[in-house]
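Input: a single structure, listed below in structure tokens.
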Amino acid sequence: MKVFIKIISIILLTGVLLGAPKVGTWVANMFDYSSIDPDGAFMWISVHHIIQAVVILLIILFSTKFYKVNFHLNMGNKEVGYRYLKKFMLYFSIYTVIAFIVIIISSGFQPFQYPLNARNISGYLGFQIILSGPSEELIFRAFAITIFVLLVSQKRIDKHLSYANLFAAIIFGIAHIQFSLSPFDISFALPQVLMAIGLGYFYGDCYEKSKSVVYPMIMHSFSNVLMVGITILLSFFI
1 MKVFIKIISI ILLTGVLLGA PKVGTWVANM FDYSSIDPDG AFMWISVHHI IQAVVILLII
61 LFSTKFYKVN FHLNMGNKEV GYRYLKKFML YFSIYTVIAF IVIIISSGFQ PFQYPLNARN
121 ISGYLGFQII LSGPSEELIF RAFAITIFVL LVSQKRIDKH LSYANLFAAI IFGIAHIQFS
181 LSPFDISFAL PQVLMAIGLG YFYGDCYEKS KSVVYPMIMH SFSNVLMVGI TILLSFFI
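The opening residue of the sequence shown carries number 1 in UniProt numbering; numbering runs sequentially from there.
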């Protein structure tokens with residue numbers, strides 16, 4: 001019976017985690033942003049991320065108030081958090097530089113997908129800085145890991161990886177796969193999905209060790225801004 005309950009819990013949790021972005025999509029599609037964002041660079045995705053975060057935040061507030069669940073929304077262990085953050089920024093920066101060099105040498109560079117004007121650049125970078133990390137880490141780390149631990153398992157595979165973090169990272173990767181039921185279609189970029197799972201592990205590991213979602217939020221926004229920023233810069237010359 002316990003196994004059955006855990007399976008149902010995993011299914012329901014997965015549904016909520018993948019459902020929140022769908023609600024964000026539904027709401028974001030209701031508005032016309034052409035007067036503010038004629039190229040569609042940042043407004044739709046900003047509204048989408050705000051709505052998906054609000055959906056999960058409401059559940060978090062309910063769980064905190066009535067069930068006293070701690071989602072670690074405060075600063076947690078600052079010493080651990082800042083140390084992890086600094087190491088991640090250093091290593092990810094090195095990785096990013098090497099990755100871009102390889103991409104350029106292999107002629108695989110993809111330029112910024114929108115016209116290179118001030119509105120698009122500032123709007124898209126603003127989204128990455130302010131919304132991408134906070135929205136997605138609230139969902140896929142603070143909520144996903146906490147609820148998995150409460151309802152499914154606190155166990156670890158080894159000292160470096162918990163079942164909760166593995167689950168959250170995989171669901172984070174799946175969230176980067178595009179699904180359509182009418183007509184039925186599945187599309188994804190495998191490198192992007194694998195990157196999401198890999199980074200998701202580090203975000204989750206930091207969340208568990210620092211007991212705070214703040215540092216993963218910063219890590220997430222930093223990684224996005226760094227890669228997007230370099231892409232924009234190179235797009236002026238390549």
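Built from N, CA and C at the ideal position, the CB exists for glycine as well.
Distance, residue j Cα to residue i Cα
i: leucine 233; j: leucine 116; result: 10 Å
i: glycine 123; j: alanine 41; result: 7 Å
i: phenylalanine 92; j: methionine 1; result: 44 Å
i: phenylalanine 71; j: isoleucine 60; result: 7 Å
i: valine 102; j: isoleucine 171; result: 29 Å
i: glutamine 154; j: isoleucine 177; result: 28 Å
i: asparagine 29; j: lysine 22; result: 11 Å
i: phenylalanine 109; j: alanine 189; result: 15 Å
i: alanine 142; j: phenylalanine 66; result: 17 Å
i: glycine 126; j: lysine 159; result: 37 Å
i: lysine 68; j: tyrosine 114; result: 45 Å
i: aspartate 95; j: methionine 227; result: The amino acid occupying residue 95 in the given sequence is tyrosine; aspartate does not appear at that position. Roughly 10 Å separates the two Cα atoms.
i: leucine 194; j: isoleucine 8; result: 26 Å
i: arginine 119; j: serine 34; result: 13 Å
i: alanine 175; j: isoleucine 105; result: 30 Å
i: residue 250; j: aspartate 37; result: Given that the chain is displayed from residue 1 to residue 238, the structure contains no residue 250 and the question cannot be resolved.
i: leucine 131; j: leucine 57; result: 14 Å
i: serine 187; j: serine 235; result: 25 Å
i: aspartate 185; j: glutamine 192; result: 18 Å
i: phenylalanine 100; j: isoleucine 157; result: 33 Å
i: glycine 81; j: glycine 200; result: 16 Å
i: proline 183; j: leucine 17; result: 23 Å
i: alanine 196; j: valine 225; result: 15 Å
i: isoleucine 98; j: valine 3; result: 45 Å
i: aspartate 39; j: serine 107; result: 26 Å
i: leucine 161; j: glycine 15; result: 23 Å
When the options are compared against residue i, the one with the closest alpha-carbon
i: isoleucine 238; options: Phe112, Ile98, Lys68, Asn165; result: Phe112
i: valine 54; options: Gly40, Glu136, Val225, Leu125; result: Glu136
i: aspartate 32; options: Met43, Gly24, Leu199; result: Met43
i: glycine 198; options: Phe148, Leu181, Ala168, Phe184; result: Ala168
i: serine 223; options: Tyr163, Ile45, Gly108, Pro134; result: Pro134
i: serine 212; options: Leu138, Pro183, Ala196; result: Leu138
i: isoleucine 230; options: Thr25, Ile121, Ile5, Trp26; result: Ile121
i: tyrosine 215; options: Gln192, Val47, Arg83, Ser187; result: Arg83
i: isoleucine 145; options: Ile5, Lys6, Ile130, Leu13; result: Leu13
i: glycine 173; options: Leu150, Tyr203, Ser107; result: Tyr203
i: leucine 166; options: Ile10, Ile5, Phe4; result: Ile10
i: isoleucine 5; options: Gly200, Arg119, Ile186, Phe148; result: Phe148
i: serine 180; options: Ala99, Trp26, Val3, Val16; result: Trp26
i: histidine 48; options: Gly19, Thr64, Asp39; result: Gly19
i: serine 63; options: Leu151, Tyr201, Pro183; result: Leu151
i: phenylalanine 140; options: Val3, Phe184, Ile45, Ala164; result: Ala164
i: glutamine 52; options: Gly81, Val16, Ile98, Gly24; result: Gly24
i: glutamine 128; options: Gly15, Ile45, Val16, Leu17; result: Ile45
Residues that DSSP places opposite residue i in a beta bridge
i: isoleucine 186; result: Phe179
i: serine 162; result: Arg156
Please confirm if the segment 71-80 is in contact with the segment 201-214, defined as three or more CB-CB distances below 8 Å between the two stretches. With a cut-off of 8 Å, the segment 201-214 and the segment 71-80 count as touching, because enough Cβ pairs lie within range.
At what residue ranges does the segment 20-46 contain a whole run of the alpha helix (DSSP H), taking only runs of 4 or more? Here no run is fully enclosed.
What are the uninterrupted segments assigned as alpha helix (DSSP H) that are 4 or more residues long and contained completely in the segment 133-159, given in chain order? Taking only runs of at least 4 residues, the alpha helix (DSSP H) segments lying wholly in the segment 133-159 are 133-137, 144-151.
Would you call the segment 215-224 in contact with the segment 84-91, where contact means no fewer than 3 C-beta pairs closer than 8 Å? These segments touch.
Ignoring anything shorter than 4 residues, give me the alpha helix (DSSP H) runs that lie fully in the segment 45-92, in order along the chain. Fully enclosed alpha helix (DSSP H) runs of 4 or longer: not present.
Taking only runs of the alpha helix (DSSP H) that begin and end inside the segment 88-122, which ones reach a length of at least 4 residues, in chain order? Whole alpha helix (DSSP H) segments, 4+ residues: zero.
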